[in-house]
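Sequential numbering from 4 applies to the sequence shown in our numbering. Glycine included, C-beta positions come from ideal geometry on N, C-alpha and C.
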Amino acid sequence: MADADRERWDARHAVAVAADAGAPAPPDALRGRPELLPSGGRALDVACGRGIVAVWLAERGFAVDALDVSPVALDAGRELAARRGVTVRWLLHDLDAGLPRAGTYDLVVCQRFRDPARYPELADRLAPGGLLVVTVLSEVGEGPGPFRAPAGELLTAFGALDVLHHAERDGEASIVARVSGSGSTSARR
Numbered sequence: 004m005a006d007a008d009r010e011r012w013d014a015r016h017a018v019a020v021a022a023d024a025g026a027p028a029p030p031d032a033l034r035g036r037p038e039l040l041p042s043g044g045r046a047l048d049v050a051c052g053r054g055i056v057a058v059w060l061a062e063r064g065f066a067v068d069a070l071d072v073s074p075v076a077l078d079a080g081r082e083l084a085a086r087r088g089v090t091v092r093w094l095l096h097d098l099d100a101g102l103p104r105a106g107t108y109d110l111v112v113c114q115r116f117r118d119p120a121r122y123p124e125l126a127d128r129l130a131p132g133g134l135l136v137v138t139v140l141s142e143v144g145e146g147p148g149p150f151r152a153p154a155g156e157l158l159t160a161f162g163a164l165d166v167l168h169h170a171e172r173d174g175e176a177s178i179v180a181r182v183s184g185s186g187s188t189s190a191r192r
């Protein structure tokens, strides 16, 4: 990612932190679906921003790796985790280089970050039985835009998984999907 992009995200997060640090919250696609959340294990929060989802997961007993390109966002996440008394492993990482290799996870969350080149990596980081939760901006209900997914993008990308929930409306698309109990997602494509 270009330095200008990192600086833009740092500035955006700095303004948001100054306005309100935010409270821990579940990923958007899991709201109203608490029964889908695994009972614990390892979780990866991709493009975690200020860490509200990462801290929420840590409060539920997950061992969370949270990664973002913005040091300002990660610092805000560290402060939120400290205030809430939980531990999260915060990782400064440029997703243009792909996802880091750190084994598999029982839960992978990616909220408000869209890079179709990363979709196979998101699925490949799931452990058997692992849950994937992705929410992106969508053209559905909003029209085209450079950061918006066309209709059906998430179903096409993650259709090899067991889809538990999928929605596309009001400028947002989300999917919640699970890997079957055995086998890698690569073998299932």
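| Roughly how far, in whole angstroms, is the beta-carbon of Ala180 from the beta-carbon of Glu156, given that I think they are within contact range, below 8 Å? | Counted from its first residue, the sequence shown places residue 180 at position 177. Counted from its first residue, the sequence shown places residue 156 at position 153. In fact, because the Cβ distance is near 14 Å, the residues do not count as touching under 8 Å.
| field | Nearest-angstrom Cβ-Cβ length linking Ala109 and Gly44, presumed shorter than 8 Å | value | As a first step, residue 109 must be located in the sequence shown, where it is residue number 106. As a first step, residue 44 must be located in the sequence shown, where it is residue number 41. Here residue 109 is Asp; the residue named in the question, Ala, does not match the sequence. Rounded to the nearest angstrom, the Cβ distance from Asp109 to Gly44 is 3 Å, consistent with a contact under 8 Å.
| Quick one: what does DSSP say Phe65 is sitting in, helix, strand or coil? | By one-based count along the sequence shown, residue 65 stands at place 62. Three-state result, Phe65: strand.
| said: Three Cβ pairs or more, each shorter than 8 Å: is that satisfied between the segment 51-62 and the segment 86-94? | reply: The segment 51-62 vs the segment 86-94: in contact.
| query | Does the separation of the CB atoms of Phe150 and Ile178 fall below 7 Å? | reply | Position 147 of the sequence shown holds residue 150. Position 175 of the sequence shown holds residue 178. Contact check for Phe150 against Ile178 fails: the beta carbons are separated by 7 Å or more.
| request: Would you be able to state if there are at least three C-beta pairs under 8 Å between the segment 97-106 and the segment 77-84? | output: Touching, no.
| said: Given this structure, state the Cα-to-Cα distance separating Gly148 from Thr159, to the nearest angstrom. | reply: Along the sequence shown, read from residue 1 onward, the residue named residue 148 stands at position 145. Along the sequence shown, read from residue 1 onward, the residue named residue 159 stands at position 156. A direct Cα-Cα distance of roughly 19 Å separates Gly148 from Thr159.
| field | In DSSP terms, what Leu94 is bridged to | value | By one-based count along the sequence shown, residue 94 stands at place 91. Within the DSSP secondary-structure output, Leu94 pairs in a beta bridge with Leu70.
| task | Output the distance between the C-alpha atoms of Gly132 and Asp97, rounded to the nearest integer angstrom. | result | Translated into the one-based positions of the sequence shown, residue 132 becomes position 129. Translated into the one-based positions of the sequence shown, residue 97 becomes position 94. Taking the straight line from one Cα to the other gives about 28 Å.
| task | Tell me whether Glu175 sits in a helix, a strand or coil according to DSSP, three-state version. | result | Translated into positions along the sequence shown, residue 175 becomes position 172. Note: Glu175 maps to strand in three-state DSSP.
| request: Compute the Euclidean distance between the alpha carbons of Asp68 and Val166, then round it to the nearest angstrom. | output: Numbered from its first residue, the sequence shown carries residue 68 at position 65. Numbered from its first residue, the sequence shown carries residue 166 at position 163. Rounded to the nearest angstrom, the two C-alpha atoms are 24 Å apart.
| query | Ser183 to Leu164, Cα distance in whole Å? | reply | Residue numbering aside, residue 183 sits at position 180 when the sequence shown is read from its first letter. Residue numbering aside, residue 164 sits at position 161 when the sequence shown is read from its first letter. Ser183 and Leu164: Cα-Cα distance of roughly 7 Å.
| So which of Pro41, Leu40, Ser42 and Asp71 has the shortest CA-CA distance to Gly54? | Position 51 of the sequence shown, counting from 1, holds the residue named residue 54. Comparing Cα-Cα distances from Gly54 to each of Pro41, Leu40, Ser42 and Asp71, the minimum goes to Asp71.
| Which residues does DSSP pair with Arg45 in a beta bridge? | Sequence index remark: in the sequence shown, residue 45 carries index 42 (1-based). Under the DSSP definition of a beta bridge, Arg45 partners with Ala66.
| Residues near Ala84 in its chain [Cβ-Cβ closer than 6 Å; skip 5 each side] | Locating residue 84 in the sequence shown gives position 81, counting from the first residue. If the five residues before and after Ala84 are omitted, its C-beta is found closer than 6 Å to the C-beta atoms of Val58 and Val91, all from its own chain and listed in chain order.
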